[in-house]
Each structure stands twice: as C-alpha cells, then as structure tokens.
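For the sequence shown, this note's numbering assigns the number 482 to the initial residue and increments by one for each residue that follows. Glycine included, C-beta positions come from ideal geometry on N, C-alpha and C. Since the model is a prediction, treat every value here as computed from it, not as a measurement. Please read the structure below before turning to the comments.
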Amino acid sequence: MYILSPQQTANVDKATIKNKGITSVNLMETAATSCFQWLHNNLQGKNISIHVFCGIGNNGGDGLVIARHLHKHNYRVNCYVVNFSSKRTEEFVVNYNRLTEIGLNPIELNNENDFPEIESNDVVVDAIFGNGLSRNPEGFTKKLIQYINTKNVFTLAIDIPSGLFGDRSVTDPATVLKASHILTFQTPKLAFLLPENKDYVNSWEVIDIGLDQNYIESLKPKTHYTTITDVISLYKTRNKWDHKGTYGHSLIIGGSYGKMGSVTLASKAALKIGSGLVSAYIPKCGYTILQISVPEAMVEVDTDDELIYFNFKTNPTVIGIGPGMGTAEKTAQGFENFIKDNKLPLVIDADAINLLSKNQLLLNYLPKNAILTPHPKELERLIGAWKNDYEKLEKVSEFSKKHSVILVIKGAHTVVVKDDERYFNATGNPALATGGSGDVLTGMITGFIAQGYEPLNAAILGVYLHGKTADIAIKVTGYETFTATTIFEYLAAAILEISNKKEA
Numbered sequence: 482m483y484i485l486s487p488q489q490t491a492n493v494d495k496a497t498i499k500n501k502g503i504t505s506v507n508l509m510e511t512a513a514t515s516c517f518q519w520l521h522n523n524l525q526g527k528n529i530s531i532h533v534f535c536g537i538g539n540n541g542g543d544g545l546v547i548a549r550h551l552h553k554h555n556y557r558v559n560c561y562v563v564n565f566s567s568k569r570t571e572e573f574v575v576n577y578n579r580l581t582e583i584g585l586n587p588i589e590l591n592n593e594n595d596f597p598e599i600e601s602n603d604v605v606v607d608a609i610f611g612n613g614l615s616r617n618p619e620g621f622t623k624k625l626i627q628y629i630n631t632k633n634v635f636t637l638a639i640d641i642p643s644g645l646f647g648d649r650s651v652t653d654p655a656t657v658l659k660a661s662h663i664l665t666f667q668t669p670k671l672a673f674l675l676p677e678n679k680d681y682v683n684s685w686e687v688i689d690i691g692l693d694q695n696y697i698e699s700l701k702p703k704t705h706y707t708t709i710t711d712v713i714s715l716y717k718t719r720n721k722w723d724h725k726g727t728y729g730h731s732l733i734i735g736g737s738y739g740k741m742g743s744v745t746l747a748s749k750a751a752l753k754i755g756s757g758l759v760s761a762y763i764p765k766c767g768y769t770i771l772q773i774s775v776p777e778a779m780v781e782v783d784t785d786d787e788l789i790y791f792n793f794k795t796n797p798t799v800i801g802i803g804p805g806m807g808t809a810e811k812t813a814q815g816f817e818n819f820i821k822d823n824k825l826p827l828v829i830d831a832d833a834i835n836l837l838s839k840n841q842l843l844l845n846y847l848p849k850n851a852i853l854t855p856h857p858k859e860l861e862r863l864i865g866a867w868k869n870d871y872e873k874l875e876k877v878s879e880f881s882k883k884h885s886v887i888l889v890i891k892g893a894h895t896v897v898v899k900d901d902e903r904y905f906n907a908t909g910n911p912a913l914a915t916g917g918s919g920d921v922l923t924g925m926i927t928g929f930i931a932q933g934y935e936p937l938n939a940a941i942l943g944v945y946l947h948g949k950t951a952d953i954a955i956k957v958t959g960y961e962t963f964t965a966t967t968i969f970e971y972l973a974a975a976i977l978e979i980s981n982k983k984e985a
C-alpha cells in the first residue's frame, strides 16, 4: 500500500475527478458517506449527542455531509462551523446548503464564547482542518482544539487530526487535536507512523473512496505501508525437488562471555525461517550452549571469551554479524579486518553497528545492499542526532544512498529504507519490546537472503513476519509474558497465513 504526500493526494483527487467524469462534490459525498456509515455501524442508533466540528474548507465539507446523514438517521447531532476564515470552498457551500435544506442549521463559532457544552458520553467528529494544512491553527480555533482535548470523549478525526501536518513535524503541540480514532482516505498518512505523533494518533483505518488507482501507480510513490497483500507477492513457495543446498547457508557471527543468548537466538531464527544450513561462529565459551540450544546448527569457535580472529572455514551464502559480539579492542580490530576482506552479503546488527559507528571508514567496505538493523540509540550513534522524526527519515535516506546500504529502523512501525524508498511495517505491537527480539529479526533476514531473496525483499518480509508473530501471540500470551523465544512458537502460523493466501 502506498503512502501519499498531501500534494500527491491533491493531485490524485483532481485526476480522479477528471478521469472518472465526476465532480468534486460527488467525491466528497462518497468519502464522507463512508465515514457516516462507519459511525452508524458502531453506534447502531445509540441515543447520544454527536458534535460535528466543521472548518470552512473541504474537510469541513466532509463534516457537513456526515452531519446530514446523521440527522437523516435521527441521531442527536449538533453541527458547528468554525469560522477561522471567510473563504469557504465551493464544496463546503454546496453541502452547507444541503444541510440547511433538511432542517439542520449549523451553529457558527466565531470566538471562545460560542464553544458548546460537551458531556463525557458524547462523541466529537473532527472535520476542522484536513490533510493540506500548512500552518499552525491560531486564535480561537487553537483554543477550540485545546478545549476539545480537555474533554474525556471519543473523538473521531476525518482524514487526519486537525492541526497535524501530513508531511512535517508538529511545532506547537497545543494546536493538534488528540484523536481517539481516525478514518483516513485511500492511503495512510506518514504522520500516523512516526513516534513523535503518538499523542495525536491512537488508532486509524483506511477508507477506500475510489481514487484513481492507475494514476496513483503512475506517481511511483516512494513511501509504502507493508500489508499482507504486499508480502504475498514477495513470498516464494517451495518446489518438491528442492534440497537443503537450494536454500543456502547462513553464518551467524557473534557472542561473547555472558552474551551467548543473542547469537543463539539469531542462529535459531535463520533455521526456523528456512535457511538450508546454518553455522555459528562464536567464542569457545559458547560452544556447548549453542550446540545444545540449536542442535541443527554447526559451530566454529574463536578464542575463549571473545571474537578476535574471525577466521571461520565455513563457506556461507550470507553472514549475519553482531549479536552479543561486544566491542572490545581486539574484537574491534578483528571486525575491521573481516569487513575489509568480506565480499559476501551482510546483515549487520547490535555491536557490529556500534563498531561501524566508531570507525565509519569501514562503511566504504560494505558490500552493496548490506542490511543494518539498528535500534534508536544505535541509529543515533551511526547517523548522528535528529531534530524530529521527519529529519531522521531524511538522514537515514541520505546515509543509505551514500553507502549503498539498506537500513531497518526498528520501532512501533519498523521502517525499511533503501535510498528514497521507505517501507513502513503494518504488523507488530509492544510485545516485541523485549530483549532478544532484534536478534531473532537479524537471523530471520539472514535466513531469507540465504534462500535467494533479494536483500530489500528479505528485510521487508522478515520485518512483516517478525511483527505478525506478536500479533498472533498476544491473543494467548498477552504483552508482558511474550519473550523473544515466543516468536518461534508463532512463526509457523505467521508464515502459513501468507502461504495459504498465496495459494488461494
């Protein structure tokens, strides 16, 4: 699924109107009626007060349509026009007149004294500002948003919470409405997926309003929201004539005294995701641990307690490196020698990222499309601090282009970045906020590359499945009892969901 910028969305609206031979009023009617239907399905005629706040632009026009349908279905609806400007759009005026014609006259809000009483059991529909907002709300409109935010009510935002920018960061938190739920049109908004906006975006869903999909495709959007539909096309089914050699050989390098769990998890993950063979290169102190924990894996060892020589004899297809490896001086030197000599595909995690951050000249030796999987602090060490999440994405893209690498930025909506392309993940939940889950992801991505997946596809598919295991598991485990090893228990179910849909 694509994520469009506000300007792209505006262009798609115009193209849809032209190509489908409809009017902008028709398009507004379709979009807003879908929002009404969502409300109606959830409220089922419940006798509560619904307050619809409408701006004077097209987002406000959506609100007027919603109010009209609510009134026709005998809901107790109060409709307000927020007069922050005298310039009303044509679509707004048409729907304003349609509303008054059926006997519902909107209440004009011109200052703070006009604000209505809102009770705790009421519902608020936010249609004040839409996706094209370019500056912070001011004056009494800002105070109205603040007023609504103080009320303990369910607030439904239409397309985007008022005051939230679609393509840049909030500069005045007091001007953004805190939505309980968002009904957004056709595609997600980038703003919904960024950690800094968590206070304004509780939950959201996309409503298909029939925009011209061919025109959207022609724009070749570079920002994506990865759903099951997307990963089905990436997933490769197996042939009955295949054998273990068909699915490659993953080598996992890592571990140090007291930190053998991470490399063990990564090795097991590479196996569980389907790598034909898996080897681990670890310190001697972890030999027994890994052989017992992952009996299917082969093991080579370095010195007693840490990695120094990186002199493995295995001939792998791909190498995953970093989990539990440590950053000791001798390890750092051995890692430098390894990076300078290596020509194989790499998945780089944890301490390997930290060592690259300390010696960034080594970035010049990475193979093309090497995958780095940093958590936020590791990312900051690698690319430097950022002012906001939008700047972070820009810096990550610049880093990816400069070094020809792929970055997997872990978080609530883990995003895979290659150059200007960004793939935000649709799966996952706070259950994954547990030690070792990132090591499992490293092993999964490594195992996919071993099987012949292109690195970008391996990262996208690995991130999706990793998150999906948590989505399936929490129905049984809850958040708190989920651990990194729980991922293995639900990985089969996550894979089967994709494979079954692919075969259907």
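Along the chain, where does the alpha helix (DSSP H) containing residue i start, and where does it finish?
i           : result
residue 870 : 870-884
residue 556 : Element bounds for residue 556: n/a, residue is neither H nor E.
residue 641 : Premise fails: residue 641 is in no alpha helix (DSSP H) and is neither H nor E.
residue 837 : 831-839
residue 749 : 741-753
residue 928 : 918-931
Looking only at its chain, what residues have a beta carbon closer than 6 Å to the beta carbon of residue i, apart from the 5 residues adjacent to it on each side?
i           : result
residue 576 : 542, 545, 546
residue 913 : 951
residue 798 : 729, 730, 931
residue 613 : 487
Using the three-state DSSP reduction, which class does residue i fall into: helix, strand or coil?
i           : result
residue 779 : strand
residue 534 : strand
residue 810 : helix
residue 734 : strand
residue 575 : helix
residue 662 : strand
residue 817 : helix
residue 600 : coil
residue 506 : helix
residue 862 : helix
residue 975 : helix
residue 607 : strand
residue 851 : strand
residue 499 : helix
residue 625 : helix
residue 588 : strand
residue 899 : strand
residue 728 : helix
Kindly say whether residue i, judged by its beta-carbon, lies nearer than 7 Å to any beta-carbon of chain B.
i           : result
residue 754 : Judged by its chain identifiers, the structure shown contains no chain B, having just a single protein chain.
Compute the beta-carbon to beta-carbon distance between residue i and residue j, rounded to the nearest angstrom, for a pair I have assumed lies under 8 Å.
i           : j           : result
residue 536 : residue 565 : 7 Å
residue 455 : residue 923 : Any question about residue 455 goes unanswered here, given that the chain covers just 482 to 985.
residue 931 : residue 728 : 6 Å
residue 787 : residue 846 : The pair is not a contact, with the Cβ atoms about 22 Å apart (cut-off 8 Å).
residue 642 : residue 681 : 5 Å
residue 850 : residue 820 : With a Cβ gap of about 15 Å, residue 850 and residue 820 do not count as contacting.
residue 870 : residue 854 : Contact doesn't hold; Cβ gap of about 18 Å is too wide.
residue 604 : residue 529 : 6 Å
residue 709 : residue 982 : 7 Å
Do you know whose CA, among the options, lies nearest residue i's CA?
i           : options            : result
residue 919 : 809, 745, 935      : 745
residue 607 : 568, 659, 712      : 659
residue 549 : 529, 855, 516      : 516
residue 771 : 735, 798, 789, 797 : 735
residue 570 : 580, 597, 540, 589 : 540
residue 609 : 532, 679, 667, 685 : 532
residue 852 : 562, 769, 634, 802 : 802
residue 711 : 840, 894, 942      : 942
residue 499 : 814, 693, 790      : 693
residue 563 : 557, 509, 623      : 623
residue 881 : 844, 579, 494      : 844
residue 559 : 668, 538, 534, 778 : 534
residue 879 : 625, 903, 621, 893 : 903
residue 748 : 518, 508, 926, 482 : 926
Can you list, in chain order, the residues of its chain whose CB lies under 8 Å from that of residue i, leaving out five sequence neighbours each side?
i           : result
residue 781 : 760, 761, 762, 763, 793, 794, 795
residue 980 : 716, 718
residue 553 : 583
residue 917 : 742, 743, 746, 964, 965, 966
residue 840 : 813, 817
residue 725 : 757, 758
residue 808 : 832, 835, 836, 839
For residue i, collect the residues of the same chain with a Cβ closer than 7 Å to its Cβ; drop the 5 residues on either side in sequence, then sort them by chain order.
i           : result
residue 506 : 572, 575
residue 975 : 946, 949, 950, 953
residue 683 : 660, 661, 662
Determine the extent of the beta strand (DSSP E) in which residue i is found, giving its start and end residues.
i           : result
residue 696 : No beta strand (DSSP E) holds residue 696; the alpha helix (DSSP H) holding it covers 694-699.
residue 905 : 902-906
residue 759 : 758-763
residue 948 : Run containing residue 948: none in the beta strand (DSSP E); it sits in the alpha helix (DSSP H), 936-958.
residue 706 : 704-707
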